[in-house]
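Protein chains in written order, with the numbering used here: chain A, 4 to 118; chain B, 154 to 266. Yeah, the Cβ is synthetic: ideal placement off N, Cα and C, and Gly gets one too.
If you want it as structure tokens, here you go:
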């Protein structure tokens, strides 16, 4: 199906384990983003990518790694999960900015619990 | 530091009532977006306001961008249970080519039948 998908939708892991969250979009959007959503903080940008092989840090990048070898995929890896990384993670995509009306499309989210 | 402050944080009202949600900042944004998020889903864009003083209407929802492009409001007339959700405002930063979004913490609206 067309759109933006995330997997898994739910994940429970233990402190110190490596976890990879997957994001796939079918629109060939240039930009992709990873956010985390926590109560009291709203949505915070972790990493973003302007194109394949181009990534950059957002507001809260520590403890996370991203890659973008293909335009449609943007996986997020927690190298050694910590309890503070328990959160809901959203992937988003958007076309390259051409004006002021660009829509950012969000995936359904991955709910991660780190024990 | 939260660039955008939303108020109220929670709002619980009866069907048929009117309400206003506020989004304030000390920063100027090139545009401002409003999203609605339902439980278990990602945010969905409702509207983008671009010009200072701009007013946009989406059925019973009215969005306004402040003259100085620092604040915005969302007014819902005759709220319905289907309006229940988390409303997020996001400022668009044109200072870089990214056009990064800065989100407020959100207003959780519950409309009771």
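- The secondary-structure analysis by DSSP pairs residue 197 (chain B) across a beta bridge with B:189.
- Against chain B, the CB of residue 46 (chain A) has a partner CB under 7 angstroms away; the residue lies at that interface.
- Around the beta carbon of residue 258 (chain B), 16 or more other beta carbons lie within 10 angstroms, which makes this residue buried.
- Interface annotation, residue 64 (chain A): not in contact with chain B, CB-CB separation never under 7 angstroms.
- By the criterion of a C-beta distance shorter than 7 angstroms, residue 253 (chain B) is surrounded in its chain by 246, once the five residues flanking it on both sides are discounted.
- Residue 260 (chain B) counts as buried, since no fewer than 16 other beta carbons sit within 10 angstroms of its beta carbon.
- Apart from the 5 residues on each side of it in sequence, residue 8 (chain A) sits with its Cβ closer than 7 angstroms to the Cβ of 27 and 110 in its chain, given in chain order.
- Listed by position along chain A, the residues whose Cβ is nearer than 8 angstroms to that of residue 222 (chain B) form an empty set, because the closest Cβ is around 11 angstroms away.
- The residue among A:112, A:107, A:115 and A:73 with its C-alpha nearest the C-alpha of residue 199 (chain B) is A:107.
- At a cut-off of 7 angstroms between beta-carbon atoms, residue 111 (chain A) makes contact with chain B.
- Comparing C-alpha distances from residue 182 (chain B) to each of B:191, B:223 and B:192 shows the shortest one belongs to B:223.
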